[in-house]
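Residue 2 is where the sequence shown starts when you use the numbering used here, and the numbers rise one by one after that.
All C-beta atoms in this analysis are idealised placements derived from N, C-alpha and C, irrespective of residue type, glycine included.
Since the model is a prediction, treat every value here as computed from it, not as a measurement.
Since the structure comes first, as C-alpha cells, the remarks are kept for the end.
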Amino acid sequence: MVESKRVVIVGIPGVGKTTLVSTIVELLNMKQTTVSVYSFGTIMLEEAKKNNIKDRDDIRKLSIEEQKKLQLLAAQQIANFNDKVVIIDTHAFISTAAGFYPGLPEYVLKIIKPANFISVSARPEEIYNRRMNDTTRSRIITSIESIKKEMAVQEAMLSSCSVLSGSPIISVLNKEGNIKDVAEYIIKAIGL
Ligand code: ATP
Ligand code: AMP
Ligand code: MG
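Here it is as C-alpha cells:
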C-alpha cells in the first residue's frame with residue numbers, strides 16, 4: 002500500500018490556518034482534485050468529549066498529562082488515514098498554564114511522519130485583530146508583543162520538527178484579504 006503524503010500546517014491561534022485550508026480545498030475542488038483535511042484539534046476534541054470536555058478551547062486548559070494522552074490518540078488516528086494526500090491543521094505549540102507545550106513532539110512526528118510542514122504567519126497587528134473579531138472562538142487575547150513572542154516560539158518549535166523528521170518547511174504570510182493567492186502558492190509548493 003502506498004503511504005499517504007501528510008502535509009502539516011501550523012501557525013499561532015488566529016493566524017488563519019483553518020480559513021486557509023478551506024480555501025485550498027475550494028480551489029482544488031474547482032480543479033477536480035481532492036485532498037483530505039483533518040483538524041488535529043477536532044480529533045482531540047472527539048476523544049476529550051468522552052471526559053465531558055465540550056469546547057475545543059478548553060483542551061489547552063487540561064493537565065499536560067491529559068493533553069499528552071489526547072495528542073497521542075489523535076496522532077494514532079491520523080496515522081491510520083490512508084488518503085493519498087492528507088492536510089493536517091494543527092499547532093507547533095500550545096500555550097498552556099504550564100508553558101509552551103509542543104504540538105509535534107518527537108513521538109508524534111514518528112507516528113505521523115509528515116512529508117511537508119507549512120508555517121503560516123501574518124502581521125502581528127492582523128493576528129491581534131483576527132483574534133479580537135472572531136467571536137466563534139475563545140482565544141487568548143494578549144498584546145502585540147506577546148504575539149511576536151508566540152511567533153518566535155513557533156519558528157523554534159518548527160525548526161526542531163523539520164530537523165527531526167527531515168522534511169522541509171514552506172513559510173507563508175497570510176496577508177489580509179490575500180487568502181486565495183496564499184492558498185494557490187501552497188497548492189503549487191506541495192505539488193497538487
Ligand atoms: P486557531 O489556531 O485558533 O484554530 P486559525 O489559525 O485556524 O486559528 P482561523 O480560524 O482560520 O485561524 O482564522 C481566524 C480569523 O481570521 C477568522 O475570523 C478568519 O475569517 C480571519 N482570517 C483568516 N485569514 C484571513 C485573511 N487572509 N484576511 C482576513 N481575515 C482572515
Ligand atoms: P484548533 O481548532 O486548531 O485551535 O485546535 C483546538 C485545540 O486542540 C488547540 O487549542 C489545542 O488545545 C489542541 N491541539 C490541536 N493540535 C494539537 C497538537 N498537535 N498537540 C496538542 N494539542 C493540540
Ligand atoms: Mg483553526
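Close-in-space but distant-in-sequence residues of the same chain around residue i (CB under 7 Å, 5 per side omitted)
i	result
L159	V11, A93, F118, S120 and I170
A49	I60 and L71
A184	L21, T24, I25 and L28
A99	I65
Residue i, buried or exposed, once every other Cβ within 10 Å from all chains shown has been counted against 16
i	result
A75	buried
V195	There is no way to answer for residue 195, as the model of the chain reaches only from 2 to 193.
N175	buried
Q33	exposed
S166	buried
D182	exposed
I145	exposed
G17	buried
T35	exposed
V3	exposed
Under the three-state DSSP convention, the category residue i falls into
i	result
I10	strand
N117	strand
S5	coil
V36	coil
G42	helix
Minimum C-alpha distance to residue i - residue among the options
i	options	result
S163	A80, V154, A116 and P125	A116
N130	I148, K114 and I113	I148
G15	S40, Q68 and M133	M133
T137	L21, D56 and L28	D56
N52	K189, E67 and S161	E67
L63	E126, I113 and S96	S96
S122	K189, V154 and I112	V154
E127	K114, M152 and Y108	M152
Own chain partners of residue i with C-beta closer than 6 Å, once the 5 adjacent residues on each side are dropped
i	result
S37	D84 and V87
K6	V86 and A116
Near the ligand COA: residue i beta-carbon under 7 Å from a heavy atom
i	result
S23	Inclusion of the ligand COA in the displayed structure is not the case, the ligand content consisting of the ligand ATP, the ligand AMP and the ligand MG alone.
Residues near residue i in its chain [Cβ-Cβ closer than 8 Å; skip 5 each side]
i	result
I113	R7, V9, A76, I79, A80, I89 and L105
Original post:
Does the count of Cβ pairs from the region 34 to 51 and the region 63 to 80 closer than 8 Å reach three?
Top reply: yes
**OP:** Give a yes or no on contact between the region 21 to 40 and the region 98 to 117, applying the rule of three or more CB pairs nearer than 8 Å.
**Re:** No contact exists between the region 21 to 40 and the region 98 to 117.
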